[in-house]
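Following: one structure in structure tokens, then a few remarks.
Number of protein chains: 2
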Amino acid sequence: MPTVGVIGGGQLARMMLPAAISMGLELKVFAEADGSPAHNAVTQVGDYNDLAQIKKFAESVDVITFDHEHVPIDLLEALVQQGVSVQPGPHCLRFAQNKLLMRMRLQELGLPMPAWKAVVNSEQVRAFISEHGPEVVVKTPIGGYDGKGVRMVSDAAEVEDWLADLDKYGGQLLCEQKVSFARELSQLVARNSAGDIVTWNTVQTVQAGGVCAEVIAPAPLPVNSKLADEIARTISEQLGVTGVMAVELFETKTGDLLVNELAMRPHNSGHFTIEGAVTSQFEQHLRAVLGLPLGDTSMRAKHAVMLNLLGVDESNNLVENFEAAMSYGPALKIHSYQKQPRKGRKMGHITALGDDYVQLLERCREAAAKLYDSKSA
Amino acid sequence: MPTVGVIGGGQLARMMLPAAISMGLELKVFAEADGSPAHNAVTQVGDYNDLAQIKKFAESVDVITFDHEHVPIDLLEALVQQGVSVQPGPHCLRFAQNKLLMRMRLQELGLPMPAWKAVVNSEQVRAFISEHGPEVVVKTPIGGYDGKGVRMVSDAAEVEDWLADLDKYGGQLLCEQKVSFARELSQLVARNSAGDIVTWNTVQTVQAGGVCAEVIAPAPLPVNSKLADEIARTISEQLGVTGVMAVELFETKTGDLLVNELAMRPHNSGHFTIEGAVTSQFEQHLRAVLGLPLGDTSMRAKHAVMLNLLGVDESNNLVENFEAAMSYGPALKIHSYQKQPRKGRKMGHITALGDDYVQLLERCREAAAKLYDSKSA
Numbered sequence: 000m001p002t003v004g005v006i007g008g009g010q011l012a013r014m015m016l017p018a019a020i021s022m023g024l025e026l027k028v029f030a031e032a033d034g035s036p037a038h039n040a041v042t043q044v045g046d047y048n049d050l051a052q053i054k055k056f057a058e059s060v061d062v063i064t065f066d067h068e069h070v071p072i073d074l075l076e077a078l079v080q081q082g083v084s085v086q087p088g089p090h091c092l093r094f095a096q097n098k099l100l101m102r103m104r105l106q107e108l109g110l111p112m113p114a115w116k117a118v119v120n121s122e123q124v125r126a127f128i129s130e131h132g133p134e135v136v137v138k139t140p141i142g143g144y145d146g147k148g149v150r151m152v153s154d155a156a157e158v159e160d161w162l163a164d165l166d167k168y169g170g171q172l173l174c175e176q177k178v179s180f181a182r183e184l185s186q187l188v189a190r191n192s193a194g195d196i197v198t199w200n201t202v203q204t205v206q207a208g209g210v211c212a213e214v215i216a217p218a219p220l221p222v223n224s225k226l227a228d229e230i231a232r233t234i235s236e237q238l239g240v241t242g243v244m245a246v247e248l249f250e251t252k253t254g255d256l257l258v259n260e261l262a263m264r265p266h267n268s269g270h271f272t273i274e275g276a277v278t279s280q281f282e283q284h285l286r287a288v289l290g291l292p293l294g295d296t297s298m299r300a301k302h303a304v305m306l307n308l309l310g311v312d313e314s315n316n317l318v319e320n321f322e323a324a325m326s327y328g329p330a331l332k333i334h335s336y337q338k339q340p341r342k343g344r345k346m347g348h349i350t351a352l353g354d355d356y357v358q359l360l361e362r363c364r365e366a367a368a369k370l371y372d373s374k375s376a
Numbered sequence: 000m001p002t003v004g005v006i007g008g009g010q011l012a013r014m015m016l017p018a019a020i021s022m023g024l025e026l027k028v029f030a031e032a033d034g035s036p037a038h039n040a041v042t043q044v045g046d047y048n049d050l051a052q053i054k055k056f057a058e059s060v061d062v063i064t065f066d067h068e069h070v071p072i073d074l075l076e077a078l079v080q081q082g083v084s085v086q087p088g089p090h091c092l093r094f095a096q097n098k099l100l101m102r103m104r105l106q107e108l109g110l111p112m113p114a115w116k117a118v119v120n121s122e123q124v125r126a127f128i129s130e131h132g133p134e135v136v137v138k139t140p141i142g143g144y145d146g147k148g149v150r151m152v153s154d155a156a157e158v159e160d161w162l163a164d165l166d167k168y169g170g171q172l173l174c175e176q177k178v179s180f181a182r183e184l185s186q187l188v189a190r191n192s193a194g195d196i197v198t199w200n201t202v203q204t205v206q207a208g209g210v211c212a213e214v215i216a217p218a219p220l221p222v223n224s225k226l227a228d229e230i231a232r233t234i235s236e237q238l239g240v241t242g243v244m245a246v247e248l249f250e251t252k253t254g255d256l257l258v259n260e261l262a263m264r265p266h267n268s269g270h271f272t273i274e275g276a277v278t279s280q281f282e283q284h285l286r287a288v289l290g291l292p293l294g295d296t297s298m299r300a301k302h303a304v305m306l307n308l309l310g311v312d313e314s315n316n317l318v319e320n321f322e323a324a325m326s327y328g329p330a331l332k333i334h335s336y337q338k339q340p341r342k343g344r345k346m347g348h349i350t351a352l353g354d355d356y357v358q359l360l361e362r363c364r365e366a367a368a369k370l371y372d373s374k375s376a
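If you read the sequences in order, they're chains A and B.
Under numbering that gives the first Met the number 0, the first residue of the first sequence is numbered 0, with each subsequent residue one higher.
Under numbering that gives the first Met the number 0, the first residue of the second sequence is numbered 0, with each subsequent residue one higher.
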């Protein structure tokens, strides 16, 4: 079996390893530092902005894929020109890296989105606010994640710092209509290099402070999962994405769907698939980037819910009360990423399967409360 | 979270790693050679018969456990005396290592077994054959596994070589009545250091050539699972076993159960639990040896079946046709242990979940046929 190389040693690379172990694949990880969550598979530590280092890593694997979307596109293009298999390729990753390019491309594809506009000065921001305000969303096209690089703005002055430093963000800012959504959804899709596409059930995500807090799979009805599925398939196919992609969606109060953001990698909204689906997003990603047949995405239970465990401070690593949480929920799957604790950091997650998602969420929250208990209570 | 050290780098250690990764545990493996199935977690390579090497390994972990039962008991006793936590401890592992000691101990516990006798010469073998023959089973008390060290004997001459070399096998041989069983069962149990005990569903195992070929979980009815459960709990508790133990059982034509063999570690008959149970035997073993609360052992589906993939020769590694097998069964979980191929070697396994175990078995067999196809057909 071939060797998959993952750039980035975070929790996504970490969670690819069990899938690789099951299938008998060799996984190698290029991490930024020692002691990363993916440490069991790390074979090289260095700077992913350095072509020579990444090239050396590429020579030790059959295909390059990613734990994150931060590797410079020109570097990936150089690799591809040298014959390295980069999956997903720079031709589609650039849309995940640049939110403005993504909006332009999705517009070409005729997909439903919030109103948006590229702006370069305060006047244009003000004009967008007058048309779509009183409050709008302003985003830096590049460099943002987990709520960073996104601001709710009712006055152009609130993004003056960004406008003064436009080169850093890709030369323009992205203004978007603030959608008064009923809830947020996520549609996970996988496409392999042969062009086969599969989707999982549409899920509901609950965000807190720009970070995913909870996921309910499938999203409680009614939901236009057929449309979510079509949108994700269209993007995956038209952009030529290989691997797993998550399409974050707003569901409006009338049940319409609008594309919010894309992630071209396994995604927090798909962690439930580890136990909740026949094929997890991590296994599927490995299959897809290797051009292997895709696995069944059916649910293993009527519902799966996932709750993120976020760091509370720099001392509580959320494992001191692991025993209490395990005692409380013998059927809960409590995942820990072995990360150094930091406020707001994704430290782990809890998954529960069953029939009643309200009850499952309650159980996950109770278990999380026990984990947080030592320091944060 | 503490660090678990596993002696032995085979597929059982390999399959503990995904469980450790999920729970955020650190796993370290002491392997016999480079390139073992558990290579992602190997931190030391050496000889497990060497106290100094094992002692050095023990200093790097919080608890020692096992991938196999071959570590000499006196070595483990020396570790325990030096304050190392060895789980399961030598006080119970000696029963797993010596089938004669096991029979004596189970007899004390009043558990149902085939008729048996310790013998030291041909005359005693002949006497046992006259009483229980025409054919009986003779076993070497130590050193046997997967059919090795076990012979079907109708004439004492057939074990003359063993009798001539008794010191090698523990000073005696074990004669056992050949049970005309209806089928074979296995009962998996886990006990943690706090004394909590859980069992999984009783399963049916199908052996071929002394090696486990297929497992059906739960065992098709009718089955005296209450008795199987009681036997496993009694052994686990009375012998003070920490971790997972498998009790292999004969089911007679009248539905009675007789204890065949014990394995004090995760076991081939429990591989189905990776996908088929809420808590896999590998996760449970790690929980148990660390004294953590035990997880829920419920099934994730009505049935799970597991089929072993055995090596056919030294060239077919059973992954050349992986794509064909994956295409055939997108819902099958095909596991590969990344082993060098050898005839009869356990190379991997396939698990399928669903309602109809006959159909599931058929699908696993079809997929296996595809994997074997390149060289063995």
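Ideal Cβ positions, reconstructed from N, Cα and C, are used throughout, including at glycine.
- Judged by DSSP secondary structure, B/SER185 falls within the beta strand (DSSP E) whose first and last residues are 180-190.
- Annotated as distal: B/LEU162 and B/ARG102, with beta-carbon spacing of 9 Å or more.
- As DSSP reads the structure, A/ALA218 sits in no beta bridge.
- With a threshold of 9 Å between beta carbons, B/THR64 makes no contact with chain A.
- Contact check for B/ILE128 against B/TYR168 fails: the beta carbons are separated by 9 Å or more.
- Assignment of A/ARG150 by DSSP, reduced to helix, strand and coil, places it in the strand class.
- Residues of the segment 305-339 of chain B with a Cβ closer than 8 Å to any Cβ of chain A, in chain order: VAL318, PHE321, GLU322, MET325, SER326, PRO329, ALA330, LYS332, ILE333, HIS334, SER335, TYR336 and GLN337.
- Going by DSSP, B/MET346 is part of the beta strand (DSSP E) stretching over 345-353.
- Using beta-carbon distances, B/MET298 does not count as an interface residue toward chain A, since no partner is under 9 Å.
- Residues of the segment 12-42 of chain B with a C-beta atom less than 7 Å from some C-beta of chain A are ARG13, LEU16, PRO17, ILE20, SER21, MET22, GLY23, ASN39 and ALA40, listed in chain order.
- DSSP places B/HIS131 in the uninterrupted alpha helix (DSSP H) bounded by 121-131.
- The segment 295-302 of chain B makes no contact with the segment 203-212 of chain B: fewer than 3 CB pairs, one atom from each, lie closer than 8 Å.
- Counting along the chain, the unbroken alpha helix (DSSP H) around A/GLY275 starts and ends at 272-275.
- One finds MET325, PRO329 and ALA330 in chain A with Cβ atoms closer than 8 Å to the Cβ of B/GLY294, taken in chain order.
- It is roughly 6 Å from the alpha-carbon of A/ILE53 to the alpha-carbon of A/TYR47.
- With its beta carbon less than 9 Å from one in chain B, A/ILE273 belongs to the interface.
- With distances taken between CA atoms, B/ALA37 lies nearest to A/LEU26 out of A/ALA366, A/LEU26, A/ILE63 and A/GLY45.
- Taking all protein chains in view, the Cβ of B/VAL119 is surrounded by fewer than 16 other Cβ atoms within 10 Å, so the residue is classified as exposed.
- Within its own chain, the residues whose Cβ lies closer than 6 Å to the Cβ of B/GLY239, once the five positions on either side in sequence are excluded, are CYS91, listed in chain order.
- Relative to B/MET15, the option among B/ILE349, B/PHE56 and B/ALA287 whose CA is nearest is B/ALA287.
- Collapsing the DSSP output to three states places A/MET325 in a helix.
- Out of B/LEU248, B/LEU108 and B/GLU157, the CA that lies nearest to the CA of B/ARG125 is found in B/GLU157.
- The C-beta of A/LEU78 comes no closer than 9 Å to any C-beta of chain B.
- Of the candidates B/VAL222, B/GLU58 and B/PHE65, B/GLU58 places its Cα closest to the Cα of B/GLN81.
- Taking C-alpha positions only, B/ASN267 is separated from B/GLY9 by approximately 12 Å.
- Between the beta-carbon of A/LEU105 and that of A/VAL3 there is about 29 Å, and that puts the pair past the 8 Å contact cut.
- In chain order, GLY23 make up the part of chain B whose C-beta sits under 8 Å from the C-beta of A/GLY347.
- Per DSSP, the continuous beta strand (DSSP E) segment holding B/GLU25 begins and ends at 25-30.
- Cβ-Cβ distances below 7 Å link A/LEU99 to ALA117, PRO140, GLY169, GLN171 and LEU173 in the same chain, with the five nearest sequence neighbours on each side left out; the list follows chain order.
- By the C-beta criterion, the segment 289-297 of chain A is judged to be in contact with the segment 318-335 of chain B, since at least 3 inter-stretch pairs fall below 8 Å.
- A Cβ of chain A is located within less than 9 Å of the beta carbon of B/ARG286.
- Measuring C-alpha to C-alpha distances from A/LEU184 to each of A/TRP199, A/ASP354, A/SER192 and A/VAL28 identifies A/TRP199 as the nearest.
- Contacts with chain A at 9 Å (Cβ-Cβ) include B/THR278.
- Residue contact check for B/MET0 against chain A: a CB pair falls below 9 Å.
- Beta-bridge partners assigned by DSSP to A/THR2: A/GLU25.
- Below 8 Å, too few C-beta pairs join the segment 270-286 of chain B and the segment 219-226 of chain B to call them touching: fewer than three.
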